[in-house]
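K.L.:
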Amino acid sequence: VAGGAASGKKTVCDMIVQQLHDQRVVLVNQDSFYNNLTEEERARVQDYNFDHPDAFDTEELLRVMDKLKHGEAVDLPKYDFKSYKSDALRRVNPSDVIILEGILVFHDPRVRELMNMKIFVDT
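Numbering (UniProt numbering), first residue to last: 1 to 123.
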């Protein structure tokens with residue numbers, strides 16, 4: 001599920017999860033895969049473009065999504081927007097349905113190829 005910031009992606013995802021109540025569903029948020037900022041980047045965070053594809057660790061996102069698709073449990077990073085780094089992990093078990101949500105989840109063709117369905121939210 002892709003779309004601009006504050007476009008309603010989370011609302012759409014919540015509605016999908018409610019409709020799939022009989023199935024195991026995991027929601028993976030692209031925000032979890034922001035790169036850790038360097039000390040220099042943190043000092044100038046007001047100039048950092050969080051809406052650019054290079055702001056994300058796409059390789060880690062691909063690794064996590066591939067494991068989930070193959071029925072493996074994964075540890076999802078949890079990005080902290082106060083420290084601008086991943087500071088914790090959240091264990092996610094294999095699920096029947098994997099929902100990937102974020103502003104740029106359609107940008108990389110390798111990520112798109114992992115998807116069975118694509119939804120773009122435009123409000």
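From the three backbone atoms N, C-alpha and C, an ideal C-beta is built for every residue, glycine too.
According to DSSP, is PHE33 part of a helix, a strand, or is it coil?
P.N.:
Taking the first residue of the sequence shown as position 1, residue 33 is located at position 33. Helix.
K.L.:
Under the DSSP definition of a beta bridge, which residues are partnered with VAL25?
P.N.:
Taking the sequence shown and counting its residues from 1, the one referred to as residue 25 is at position 25. Beta-bridge pairing links VAL25 to VAL97.
K.L.:
May I have the straight-line CA-CA distance separating VAL92 from GLN30, to the nearest angstrom?
P.N.:
On the sequence shown, residue 92 is found 92 positions in, with the first residue counted as 1. On the sequence shown, residue 30 is found 30 positions in, with the first residue counted as 1. Taking the straight line joining both Cα atoms gives about 15 Å.
K.L.:
Which residue comes first and which comes last in the alpha helix (DSSP H) that contains LEU62?
P.N.:
Numbered from its first residue, the sequence shown carries residue 62 at position 62. Residues 58-69.
K.L.:
Is the beta carbon of VAL105 less than 7 Å from the beta carbon of ALA2?
P.N.:
Within the sequence shown, residue 105 is the residue found at index 105, counting from 1. Within the sequence shown, residue 2 is the residue found at index 2, counting from 1. In this structure, ALA2 lies closer than 7 Å to VAL105 by Cβ.
K.L.:
Using the beta-carbon count (16 or more within 10 Å), is SER83 buried or exposed?
P.N.:
On the sequence shown, position 83 is the one that residue 83 refers to. It counts as exposed.
K.L.:
Tell me whether the region 50-65 and the region 10-25 touch, counting them as touching only if at least three CB pairs, one residue from each stretch, are closer than 8 Å.
P.N.:
no
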